[in-house]
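Visitor:
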Amino acid sequence: MMILGARSWGDGDRLQQAFWNVLSNAIKFTPNGGQVTINLGQVAATSRVQAQITDTGKGISSEFCPMF
8 MMILGARSWG DGDRLQQAFW NVLSNAIKFT PNGGQVTINL GQVAATSRVQ
58 AQITDTGKGI SSEFCPMF
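Just add 7 to the spot in the sequence shown (first one is 1) and you have this note's numbering.
(1) Determine the contact status of Phe26 and Ala58, defining contact as a CB-CB distance below 9 Å.
(2) Using a C-beta cutoff of 9 Å, does Ser69 count as contacting chain B?
(3) Per DSSP, Leu47 forms a beta bridge with which residues?
(4) Buried or exposed, going by whether 16 or more other CB atoms sit within 10 Å of the CB of Asp18?
(5) Alpha helix (DSSP H) containing Phe26: first to last residue?
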């Protein structure tokens, strides 16, 4: 998907690695029959790009959330 007018700056290898890690975890921890969704878009009134990965997996235990 190409988002016209949107750009990203950064280390392409690191951005790809971070995106792939989040996507891989979503797939790994979503049970059969579950759903992984990727949304890409441009943040309104800016030139920023937003990527969102959601899943129907169990999620992260509340004891680990402060680490994020």
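Backbone N, C-alpha and C fix where the C-beta goes; we use that ideal spot for every residue, glycine too.
Guide: Answer, in terms of the structure:
(1) Going by C-beta atoms, Phe26 is nearer than 9 Å to Ala58.
(2) Chain labels in this structure do not include chain B; a single protein chain is all it has.
(3) Bridge partners of Leu47: Ala58.
(4) Flag for Asp18 reads exposed.
(5) Looking at the DSSP string, the run of the alpha helix (DSSP H) that includes Phe26 is 19 to 35.
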